[in-house]
């Protein structure tokens, strides 16, 4: 591998005029992003024809764009590993897996957004376009291998997220969420830039691999400082404690479909960034960042799950639960073994379906009743069995109850952690899982166990169930798909396991880290 | 020491003093308009540092973007929001100030320590002066092509988002059902937990 790095450094110093222009761009690697971009532009053009036309035509354009992107990603799977855009982007299996998670989360978020956006009277076309721009940024972030591309894609994702969280502009809560997110996010971006400039100063290059090699040959205290700064940005993006303060307020004030995207798509991109930066770049500081990440993981699991107990708003509860879930995923990253990485990818995919399924249910409930208070769900099974069943299955899966997909994801994470002797993480994970089951089950109890006369006023005045309105059929499709995958995916999870394992096998970066880790263990 | 070197040193010292004093002034002055003008001064001084490093293009870009655009925008924002309102007293402000001062002092100490212990490779690369513009252009169209193109998407999206958030002609009917809507969150505002408990008990 060092010889490859030397080659990189050579190509960096080859910046004499004209020489670089003859190198191949290998632009095919970002074809999926191209499909998303075309869908975004198409949505904007359709939107010129008026709100009615946008409501009819924006959805199919987005579906076609995202499905094409997913198809192109599937075609790239196990493809030749050539760095594209002269070292700015690498489409290895890890990048493809995380980009698929991001694209799929956008697709499902869009399916559940139409009715919500229309019922609140927000412009639909621009909403879809901004969400697709966020997707574009997140997808490029998953494969970016250069500090400049990392920063620009991170900003594309972040700026789009700020806009989306403030999209309900007449609502003070939404504006507050956007302002808080903007201020905290800008601070995080500034910290990242500071860390990145230190890295550039140490190594003289912006390529992550070349920086990694420079750090191995001459680890300085300055690099440790850069590590702390970069780690803070990553922790902000995945909302790990103590960089989580923005999460509950932003999740409560943002439109619910946006929260669904932020909690899955944005977080997946954050984890891909963590792998690229920490494993690809800070290999020389392995022990240090693993120690820091262990602390972050323990704090996230504990605080996220304990504070979730006290919440009365469904969105806020899911916000804290997502902090806890990020803590679980971090166990896989800290392990650094083959199983660790595979379990991280697998849990991300499982989390996609169960979390978006839960969001589809609470969006449907708030569309019908205008409430997201947990106490308003009392006695719901009498009036709406579909929401009750879907939400129960998804929450049980999030808590890790056996036949669901979440159980297998979690058990794999804990298995990988135990095999790598991360006893503290696994024990904290197990204890906090039990705590999380308590608050998930109390929601289910609220819906199922209450007698009809104990039902909340909202449920007593429940409107008749209609699926004909514009935007309702996609919501139903998303809900049923997510719930089905959550319920059956656990039993039929073998393809998912194989997918996760071949993700790790097809990523040289991870293979290198695994080989390095096992050498240390033997020695 | 030659005349050129000593002139450079004197310029560097003056610019550094301006930057540090200006930065402290931005934070500590009560009147926000003074802070904004000081910020412009600091940006200009930083452009001067770039000139000392023989990076004239970066210096020009710094003045155009930061002084010409960002700082003017800040002044506009201050002028548009000319609401005189005394902020509400914040509980434990003194303690917060002490804590954040402690954190900042710790960070400063850390930075100074790292600065002193790091073996810097001096002197750094020689500057290429007038060729810099050409070199930046080459980078933008070769190894930084992807971020360069992505920046256009970022700007387009930011522009559309700003228009959506700022425009007044709002849709007041639901496209699907034709009902009147208010562009707020579908979830109605709920009272916080503590008030809720007190009223029910």
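Protein chains in written order, with our numbering: chain A, 1 to 523; chain B, 1001 to 1201. A virtual CB, placed ideally from N, CA and C, is assigned to each residue, including glycine. These numbers were taken from a predicted model, which means no experiment stands behind them.
Proximity of residue i and residue j at Cβ, strictly below 8 Å
i, j, result
"residue 337 of chain A", "residue 416 of chain A", "yes"
"residue 1036 of chain B", "residue 1047 of chain B", "no"
"residue 352 of chain A", "residue 148 of chain A", "no"
"residue 428 of chain A", "residue 388 of chain A", "no"
"residue 333 of chain A", "residue 274 of chain A", "yes"
"residue 383 of chain A", "residue 504 of chain A", "no"
"residue 46 of chain A", "residue 35 of chain A", "no"
"residue 184 of chain A", "residue 1154 of chain B", "no"
"residue 331 of chain A", "residue 425 of chain A", "yes"
"residue 222 of chain A", "residue 289 of chain A", "no"
"residue 490 of chain A", "residue 408 of chain A", "yes"
"residue 137 of chain A", "residue 43 of chain A", "no"
"residue 486 of chain A", "residue 393 of chain A", "yes"
"residue 1114 of chain B", "residue 225 of chain A", "yes"
"residue 309 of chain A", "residue 438 of chain A", "yes"
"residue 479 of chain A", "residue 360 of chain A", "yes"
"residue 92 of chain A", "residue 509 of chain A", "yes"
"residue 208 of chain A", "residue 286 of chain A", "no"
"residue 346 of chain A", "residue 240 of chain A", "no"
"residue 1175 of chain B", "residue 470 of chain A", "yes"
"residue 219 of chain A", "residue 319 of chain A", "no"
C-alpha gap between residue i and residue j, whole angstroms
i, j, result
"residue 1086 of chain B", "residue 135 of chain A", "42 Å"
"residue 1187 of chain B", "residue 114 of chain A", "16 Å"
"residue 296 of chain A", "residue 267 of chain A", "15 Å"
"residue 1185 of chain B", "residue 68 of chain A", "32 Å"
"residue 468 of chain A", "residue 166 of chain A", "29 Å"
"residue 358 of chain A", "residue 496 of chain A", "21 Å"
"residue 79 of chain A", "residue 65 of chain A", "22 Å"
"residue 441 of chain A", "residue 157 of chain A", "34 Å"
"residue 173 of chain A", "residue 144 of chain A", "34 Å"
"residue 14 of chain A", "residue 191 of chain A", "Reliability of the predicted coordinates at residue 14 of chain A is poor, the pLDDT of 45 falling under 50, and the value obtained from them is presented with this limitation in mind. Each residue's alpha carbon lies about 31 Å from the other."
"residue 176 of chain A", "residue 1135 of chain B", "43 Å"
"residue 1013 of chain B", "residue 256 of chain A", "53 Å"
"residue 1145 of chain B", "residue 269 of chain A", "21 Å"
"residue 433 of chain A", "residue 325 of chain A", "9 Å"
"residue 105 of chain A", "residue 1082 of chain B", "43 Å"
"residue 1003 of chain B", "residue 1009 of chain B", "10 Å"
"residue 431 of chain A", "residue 398 of chain A", "15 Å"
"residue 362 of chain A", "residue 1125 of chain B", "58 Å"
"residue 119 of chain A", "residue 133 of chain A", "23 Å"
"residue 130 of chain A", "residue 259 of chain A", "14 Å"
"residue 1133 of chain B", "residue 1119 of chain B", "30 Å"
"residue 41 of chain A", "residue 57 of chain A", "13 Å"
"residue 1189 of chain B", "residue 169 of chain A", "15 Å"
"residue 1160 of chain B", "residue 116 of chain A", "21 Å"
"residue 1128 of chain B", "residue 1099 of chain B", "45 Å"
Interface partners of residue i on chain B, CB under 7 Å
i, result
"residue 168 of chain A", "1183, 1184 and 1185"
"residue 52 of chain A", "1175"
"residue 221 of chain A", "1114, 1117 and 1118"
"residue 266 of chain A", "By Cβ distance, chain B contributes nothing, its closest Cβ being about 15 Å from residue 266 of chain A, past 7 Å."
"residue 367 of chain A", "1186"
"residue 371 of chain A", "1187 and 1188"
Proximal chain B residues relative to residue i, where beta-carbon distance stays under 8 Å
i, result
"residue 457 of chain A", "What residue 457 of chain A touches in chain B: nothing, since even the nearest Cβ is about 13 Å away."
"residue 116 of chain A", "1186"
"residue 225 of chain A", "1110, 1111 and 1114"
Any non-hydrogen atom of the ligand ADP closer than 7 Å to residue i Cβ
i, result
"residue 48 of chain A", "For the ligand ADP, the structure offers nothing, since it holds no ligand at all."
Amino acids of chain B, ordered along the chain, whose beta-carbon sits closer than 9 Å to that of residue i
i, result
"residue 255 of chain A", "1185 and 1186"
"residue 126 of chain A", "1160, 1161, 1163 and 1164"
Residues that residue i contacts on chain A, provided the C-beta gap is smaller than 7 Å
i, result
"residue 1153 of chain B", "37, 133, 136 and 156"
"residue 1205 of chain B", "Because residue 1205 of chain B is not part of the residues shown, which for chain B are 1001 to 1201, the question remains open."
"residue 1158 of chain B", "159"
Cross-chain neighbours of residue i in chain A, by beta carbon under 8 Å
i, result
"residue 982 of chain B", "Residue 982 of chain B lies beyond the residue range present for chain B, which begins at 1001 and ends at 1201; the question has no answer from this structure."
"residue 1150 of chain B", "136, 137, 140, 149, 152, 153 and 156"
9 Å Cβ cut-off: residues of chain A touching residue i
i, result
"residue 1189 of chain B", "171, 172 and 173"
"residue 1108 of chain B", "Result: empty, since nearest Cβ-Cβ is about 12 Å, beyond 9 Å."
With a threshold of 8 Å, are at least 3 pairs of Cβ atoms found where one atom belongs to the region 69-76 of chain A and the other to the region 22-42 of chain A? yes
Can you confirm whether the region 1077-1091 of chain B touches the region 1052-1068 of chain B when touching is taken to mean that 3 or more C-beta pairs between the two stretches lie within less than 8 Å? no
Under 8 Å: do the region 370-387 of chain A and the region 313-330 of chain A share three or more Cβ pairs, one atom per stretch? Yes, they touch.
Which runs of the beta strand (DSSP E), 3 residues or longer, sit entirely within the region 1028-1083 of chain B? none
So within the region 1140-1181 of chain B, which uninterrupted alpha helix (DSSP H) runs reach at least 4 residues, ignoring any that extend past its ends? 1145-1166
With contact counted as at least three CB pairs below 8 Å, one residue from each stretch, are the region 1066-1082 of chain B and the region 1040-1056 of chain B in contact? Three or more Cβ pairs closer than 8 Å define a contact, and the region 1066-1082 of chain B meets that threshold against the region 1040-1056 of chain B.
Extract the residue ranges of the beta strand (DSSP E) inside the region 265-295 of chain A, only unbroken runs of 3 or more that lie entirely within it. The DSSP assignment places no complete run of the beta strand (DSSP E) inside the region 265-295 of chain A (cut-off: 3 residues).
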